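A short worksheet on the structure shown next.
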Amino acid sequence: MNQFFTLPEHVSSTHIILTGQEAKHAAKVLRKGIGDSIYITDGAGIRYTGEVEHIGKNELRASIKNKHHFKTPSTTIELCLGLIRKRDRLEFAVEKATELGVSRISLFRADHTEPFKVRIDRVEAAVLSAMKQSLRVFLPQVNTYDSLDDLFERDLKKTLILQADITGQECETVNTRKEERLMMVVGPEGGLSDREQELLKLNNALGVSLGDFRLRAETAAMMMSAIF
138 MNQFFTLPEH
148 VSSTHIILTG
158 QEAKHAAKVL
168 RKGIGDSIYI
178 TDGAGIRYTG
188 EVEHIGKNEL
198 RASIKNKHHF
208 KTPSTTIELC
218 LGLIRKRDRL
228 EFAVEKATEL
238 GVSRISLFRA
248 DHTEPFKVRI
258 DRVEAAVLSA
268 MKQSLRVFLP
278 QVNTYDSLDD
288 LFERDLKKTL
298 ILQADITGQE
308 CETVNTRKEE
318 RLMMVVGPEG
328 GLSDREQELL
338 KLNNALGVSL
348 GDFRLRAETA
358 AMMMSAIF
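Written as structure tokens, this is what we have:
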């Protein structure tokens, strides 16, 4: 089963439209033709089953035959990851977090983050690709912050903050079932600074251990996403 993505504004009561690369991939790569069935999500919790009616140069139109509304998860799970300079490692981290079910991805420049320009468009493309491949129907929101301080300026009420920390408590002892929002914080290469560690304490972050060994940032992000 291949799943495609379209923006909600390209969906009417009877038809759904793919544009740009999504349309080209369906028509040119997967050879979708008139009358073929196609599965499309709007990234907001709905998967449509459509029948291809028209294929243009940069557009594919399908009539909607069925739509399935998926229940919004009861807990919002957010991965907060210190920016990783190496692009492939950063994209790997967000890709796997998306496949494992996070609701939101927040990238922040930590005190130990090396200066570089992040390609947010590539990060978003990796997230979108992972959502389609894993058959998810909720597209995680991606945001960037200039610092951990900026990230914590949001309303954090009813949020359990978990920090990857080798000295923290065992993950099995953490009960997250009743939490409305879960924020998983992973530092960049070089880890979090003492100042950032203190900021986490001030925001009542709970340190959790991911094992006896020191992990790369992308590995820790993947493990936290898998566990929580």
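Numbering (my numbering), first residue to last: 138 to 365.
The beta carbon of each residue, even a glycine, is placed where N, CA and C say it ideally should be.
Note that the structure is a prediction, hence the values are computed from the model and not measured.
| query | result |
| --- | --- |
| Indicate whether A358 and M321 have their beta-carbon atoms separated by less than 9 Å. | yes |
| Tell me whether the segment 191–208 and the segment 146–155 touch, counting them as touching only if at least three CB pairs, one residue from each stretch, are closer than 8 Å. | yes |
| Which one of T296, H205, V231 and A263 has the shortest CA to CA distance from A342? | T296 |
| Counting C-beta neighbours from all protein chains within 10 Å, is the total for R332 16 or more, i.e. buried, or is it exposed? | exposed |
| Please report the distance separating the alpha-carbon of S243 from that of I183. | 24 Å |
| Taking the alpha carbon of G305 as the point to measure from, which residue in I364, T209 and L347 has its own alpha carbon closest? | L347 |
| How about V323 and L197: do their beta carbons lie closer than 9 Å? | no |
| Can you list, in chain order, the residues of its chain whose CB lies under 8 Å from that of K169, leaving out five sequence neighbours each side? | A163, I175, V189, I192 and L197 |
| My output table needs one value for R168: the three-state DSSP class, helix, strand or coil. | coil |
| According to DSSP, is G157 part of a helix, a strand, or is it coil? | helix |
| Buried or exposed: where does L272 fall if 16 or more other Cβ atoms within 10 Å of its Cβ makes it buried? | exposed |
| Which residues mark the beginning and the end of the beta strand (DSSP E) in which M361 is found? | Looking at the DSSP string, M361 is not in any beta strand (DSSP E); the run it does join, the alpha helix (DSSP H), is A354 to I364. |
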